[in-house]
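Report on one structure; see the data block that follows.
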RNA sequence: GGCCCCGUCGUCUAGGGGCCUAGGACGCCGCCCUCUCAAGGCGGUAACGCCGGUUCGAAUCCGGUCGGGGCUACCA
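In the working numbering, the protein residues as written are 235 to 716.
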């Protein structure tokens, strides 16, 4: 039987990193087994759905490099893959269950239910609704026929229990008195999540349901429903939730929860995938940088950890640096050029593109995020902006004017304008002025780049060009009062 | 409150009775390299929540306890 898995986000918010991780695990599982990966939209909540979110979900998944075989925007044999378009089907299932006595119209009032739950809780019993206010089928039918609106609840078999074998958690059992007679169809005729989701899983032939642990205790409901529909239950695998640094469920106050924010912050999709994959899964050996092919080949549900995992930005950033350094230089330039232009708020001329390409290898190994680069190369494409602290720290020292003057003298007449030419000239300057490299070069760096921190000095000067470099040195000399 | 899940360095993890004086990675600290900052190299810091039990032997098995998390809607 071919493996069929799905990810089913609700378009009520941007793609959450936790959902992205679940999507990745499903994708890895499918790809490693010749399976089918499906993207479905669980958009039953018309109040909170936004097209913007749907677009973000699709776009973010694609950005990560995850493709799907059936679903939103690609269609497939079970189209549409959008719950809001399948309400008739859910109603049909609910009515069928009703007809077979497996579900019933519920006339319990919210007050009754509320009171029941309060009493149960006060008595230390479980507050799950057991259907005690259920009325006779004929009575119910009459009331509905006379126009009364009522939700349909599933009649959970009592007494009873549901046991299932979770692929990551092993055997889990829920006694049915922990499971209430939950609503499957609201009184307005719309389906609840539980109904829509399990009908789709059945209809779409889903074989493995991999999802967040927050749905673990809903699983018996889904199993009872599935089997009431006469279908075979899928294999379940519940992934532990992502936590913030304080151990609480990852939320906005911890920083970013939306995947798109990481993209905007200069995280590479390849790094994100690698990081997310290892957040709760281990290939078993002492490896941290793993190729996508390796992941596909080695991913197994049994190797997914049960522990809740804390999202660690530092490690993500480190890994992003690793991936940035692995890039071919021209690929790096291609990814970074638009960011530099955005920062400049203008396009790069072809000469400037050449400068960017020339300095690229030197900033590539210094970047942790793609967005770091614009700031590191800004000195090439505009006037110098002196960083106050840098100026104060370096240019007020007695050796600063000496070093700058000597550099101007040397560079202005340099014939061989190359990295080595610049270096030789400046090292000669060092000997003449009897300054250490540190003391002699820092003033030049500040004069030329505006900061004590920059790409390597000789390369920076070379790429800047003689005219600009010398002009900046002279301007700095003037500013120092010499 | 009830039910369910989970507990190895600060974090992600390896480990599945002796290979564990517990390994790797991030972070942090130190040294080296060095024109700054990074990168890189080398070294260091740091964990089996606790209590019992089983066993010749327990991070590994069992029980309890404590701690964390999830669910407990006509939300998803």
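The beta-carbon is built from N, C-alpha and C at its ideal position, and this holds for glycine as well.
Between residue i and residue j, what straight-line distance do the alpha-carbon atoms span, to the nearest angstrom?
{"i": "residue 703", "j": "residue 642", "result": "9 Å"}
{"i": "residue 439", "j": "residue 236", "result": "10 Å"}
{"i": "residue 282", "j": "residue 429", "result": "19 Å"}
{"i": "residue 337", "j": "residue 454", "result": "16 Å"}
{"i": "residue 495", "j": "residue 239", "result": "27 Å"}
{"i": "residue 396", "j": "residue 557", "result": "46 Å"}
{"i": "residue 631", "j": "residue 696", "result": "25 Å"}
{"i": "residue 246", "j": "residue 399", "result": "31 Å"}
{"i": "residue 612", "j": "residue 243", "result": "40 Å"}
{"i": "residue 538", "j": "residue 686", "result": "46 Å"}
{"i": "residue 241", "j": "residue 253", "result": "8 Å"}
{"i": "residue 661", "j": "residue 671", "result": "8 Å"}
{"i": "residue 445", "j": "residue 512", "result": "17 Å"}
{"i": "residue 380", "j": "residue 371", "result": "14 Å"}
{"i": "residue 533", "j": "residue 527", "result": "10 Å"}
{"i": "residue 693", "j": "residue 296", "result": "38 Å"}
{"i": "residue 592", "j": "residue 654", "result": "15 Å"}
{"i": "residue 545", "j": "residue 484", "result": "8 Å"}
{"i": "residue 668", "j": "residue 715", "result": "22 Å"}
{"i": "residue 543", "j": "residue 480", "result": "11 Å"}
{"i": "residue 263", "j": "residue 271", "result": "9 Å"}
{"i": "residue 652", "j": "residue 605", "result": "28 Å"}
{"i": "residue 710", "j": "residue 302", "result": "58 Å"}
{"i": "residue 578", "j": "residue 676", "result": "26 Å"}
{"i": "residue 357", "j": "residue 448", "result": "26 Å"}
Going by beta-carbon coordinates alone, are residue i and residue j separated by less than 8 Å?
{"i": "residue 255", "j": "residue 450", "result": "no"}
{"i": "residue 290", "j": "residue 249", "result": "yes"}
{"i": "residue 280", "j": "residue 288", "result": "no"}
{"i": "residue 433", "j": "residue 324", "result": "yes"}
{"i": "residue 490", "j": "residue 478", "result": "no"}
{"i": "residue 574", "j": "residue 594", "result": "no"}
{"i": "residue 471", "j": "residue 402", "result": "yes"}
{"i": "residue 563", "j": "residue 607", "result": "no"}
{"i": "residue 684", "j": "residue 621", "result": "yes"}
{"i": "residue 258", "j": "residue 507", "result": "yes"}
{"i": "residue 469", "j": "residue 426", "result": "no"}
{"i": "residue 517", "j": "residue 523", "result": "no"}
{"i": "residue 266", "j": "residue 531", "result": "yes"}
Report the option in the options whose CA atom is closest to the CA atom of residue i.
{"i": "residue 514", "options": "699, 550 and 475", "result": "475"}
{"i": "residue 504", "options": "488, 555, 543 and 693", "result": "555"}
{"i": "residue 414", "options": "393, 400, 434 and 685", "result": "393"}
{"i": "residue 368", "options": "399, 355 and 417", "result": "417"}
{"i": "residue 598", "options": "448, 443, 560 and 532", "result": "560"}
{"i": "residue 461", "options": "523, 501, 706 and 436", "result": "436"}
{"i": "residue 347", "options": "339, 399 and 363", "result": "363"}
{"i": "residue 458", "options": "533, 517 and 387", "result": "387"}
{"i": "residue 261", "options": "671, 529 and 712", "result": "529"}
{"i": "residue 690", "options": "701, 610, 361 and 441", "result": "610"}
{"i": "residue 712", "options": "629, 622 and 317", "result": "629"}
{"i": "residue 322", "options": "654, 419, 664 and 378", "result": "419"}
{"i": "residue 583", "options": "319, 606 and 615", "result": "615"}
{"i": "residue 467", "options": "443, 674 and 354", "result": "443"}
{"i": "residue 343", "options": "531, 382 and 543", "result": "382"}
{"i": "residue 285", "options": "709, 318, 576 and 549", "result": "318"}
{"i": "residue 410", "options": "269, 266, 391 and 404", "result": "391"}
{"i": "residue 361", "options": "269, 412 and 447", "result": "412"}
{"i": "residue 331", "options": "635, 463, 601 and 550", "result": "463"}
{"i": "residue 452", "options": "404, 421, 408 and 482", "result": "408"}
{"i": "residue 688", "options": "601, 375, 647 and 540", "result": "601"}
{"i": "residue 547", "options": "499, 587 and 585", "result": "499"}
Am I right that residue i and residue j are in contact with their C-beta atoms under 8 Å? What's the rounded C-beta distance?
{"i": "residue 637", "j": "residue 678", "result": "6 Å"}
{"i": "residue 304", "j": "residue 315", "result": "7 Å"}
{"i": "residue 666", "j": "residue 640", "result": "6 Å"}
{"i": "residue 384", "j": "residue 341", "result": "5 Å"}
{"i": "residue 377", "j": "residue 501", "result": "At roughly 57 Å, the Cβ-Cβ gap does not stay under 8 Å, so residue 377 and residue 501 are not in contact."}
{"i": "residue 700", "j": "residue 645", "result": "7 Å"}
{"i": "residue 389", "j": "residue 365", "result": "6 Å"}
{"i": "residue 273", "j": "residue 306", "result": "5 Å"}
{"i": "residue 214", "j": "residue 251", "result": "Nothing in the structure corresponds to residue 214, since the chain is present only between 235 and 716."}
{"i": "residue 633", "j": "residue 674", "result": "7 Å"}
{"i": "residue 707", "j": "residue 681", "result": "5 Å"}
**Request:** Entirely within the segment 449 to 484 and at least 3 residues each: give me those beta strand (DSSP E) ranges in chain order.
**Result:** 469 to 473
**Minimum length 3: unbroken beta strand (DSSP E) runs contained in the segment 281 to 357** = The qualifying runs are 337 to 339.
**Message:** Going residue by residue through the segment 351 to 420, where are the continuous beta strand (DSSP E) segments of at least 3 residues, counting only ones entirely within it?
**Reply:** 386 to 388, 395 to 400, 404 to 409 and 417 to 419
**Prompt:** What runs of the alpha helix (DSSP H), each 4 residues or longer, lie entirely inside the segment 615 to 687?
**Reply:** 633 to 646, 653 to 667 and 671 to 683
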